[in-house]
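The sequence shown: position 118 = 118 (the UniProt record's numbering), numbered continuously. Notes follow once the structure below has been shown.
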Amino acid sequence: MSLILDRIKAIIFDLDDTLYDCSGTLVLKSKKLIAKIISKAIKCSETEALKLQLELEGRLGPKADISHEIAKQYNLPEDFCEEISDTINTLEIDDVTLFPDAMASIDELKRIGYKLFLVTFGNRDIQEKKIKFLGLERAFDKIIITENPLGKEKCFREILTEYDLEPEHVLCVGDKIKDEIEVGEKLGMHTALMKHGRHYNFHKSEIAEDASYTFITKISDLLKGDEN
Ligand SMILES: [Mg+2]
């Protein structure tokens with residue numbers, strides 16, 4: 001028996017830290033590039049600059065604007081933040097690969113007959129590059145990129161309407177408790193939290209003991225039985 005309930009007809013996936021390791025690859029890579037800018041601006045080593053970013057993120061959370069925080073602390077000019085923002089927006093998307101089981105699991109879920117969707121948040125150009133680089137362009141029935149920092153509710157509703165789906169027939173899979181799992185739950189969807197990455201790690205202590213969502217550590221868990 002699959003972890004997916006019989007009534008499920010469609011699955012909405014998140015991209016970053018759900019289908020590939022974003023925290024350990026692109027996020028870390030951008031932090032190392034940003035460390036070069038910080039080290040020049042505040043006269044410290046790049047190692048110290050990387051540590052400073054990790055400490056601030058550990059304290060303020062993965063959504064915090066670390067460059068503004070550093071600019072404020074060290075009284076740095078505005079072009080410091082602009083340089084960092086340019087670095088992030090022009091980050092080369094390379095050396096990233098899907099989690100080893102992700103593509104085979106997506107193919108199997110498609111073969112079983114689920115409608116599959118990808119809803120991802122972030123800069124449109126960057127998310128498009130990731131989707132292309134990871135070979136996901138044709139893996140889903142529909143792909144939505146949202147730049148709305150308030151979450152994915154509008155995108156989820158759009159899918160329900162366009163594909164004439166009832167929320168209880170949809171499974172929402174992601175690593176962000178607030179922006180994905182709680183949004184899915186609020187709409188009446190089933191949800192599965194991917195236990196991976198900086199967002200999960202920062203918020204995991206907030207998970208209620210009686211949380212109604214399923215926990216997975218890899219996409220192929222969805223195809224396994226409850227006993228696993
Ligand atoms: Mg994610």
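C-beta atoms are modelled at their ideal positions from N, C-alpha and C, and glycine is treated no differently. This one's a predicted model, so the numbers in the text were calculated from it and none came from an experiment.
Any non-hydrogen atom of ligand 1 within 8 Å of residue i CB
i: histidine 68; result: no
i: lysine 176; result: yes
i: cysteine 155; result: no
i: leucine 15; result: yes
i: glycine 24; result: no
i: glycine 197; result: yes
i: glutamate 180; result: yes
i: threonine 191; result: no
i: isoleucine 18; result: Strictly speaking, residue 18 in this sequence is threonine, with isoleucine absent from that position. Checking every heavy atom of ligand 1 against the Cβ of threonine 18, one is found closer than 8 Å.
9 Å Cβ cutoff met for residue i and residue j
i: isoleucine 42; j: glutamine 53; result: no
i: residue 248; j: leucine 160; result: Since the displayed the chain opens at 1 and closes at 228, residue 248 lies outside it and no answer follows.
i: threonine 18; j: valine 96; result: no
i: residue 229; j: leucine 171; result: Given that the chain is displayed from residue 1 to residue 228, the structure contains no residue 229 and the question cannot be resolved.
Option in the options with minimal Cα separation from residue i
i: alanine 211; options: Ile177, Asn201, Leu187 and Glu57; result: Ile177
Where the beta strand (DSSP E) through residue i begins and ends
i: residue 271; result: For the chain, the structure presents residues 1 to 228; residue 271 sits outside this window and is missing.
i: threonine 80; result: One detail in the question is off: residue 80 reads as phenylalanine in this sequence, not threonine. That residue, phenylalanine 80, is in no beta strand (DSSP E); its alpha helix (DSSP H) goes 78-89.
i: threonine 214; result: 214-216
Residue-level contact to chain C via CB, residue i, 9 Å cutoff
i: phenylalanine 80; result: The structure shown contains no chain C; it is built from a single protein chain.
Span of the alpha helix (DSSP H) around residue i
i: histidine 68; result: 66-74
i: cysteine 155; result: 153-162
i: valine 183; result: 182-187
For the region 31-49 and the region 195-207, state whether three or more C-beta atom pairs, one from each stretch, are separated by less than 8 Å.
No contact exists between the region 31-49 and the region 195-207.
Evaluate the contact criterion for the region 105-119 versus the region 133-149: three or more CB pairs, one atom per stretch, below 8 Å.
yes
Pair every Cβ in the region 130-142 with every Cβ in the region 55-75, then say whether three or more of these pairs are closer than 8 Å.
no
Given 8 Å, three or more beta-carbon pairs between the region 74-83 and the region 94-109:
no
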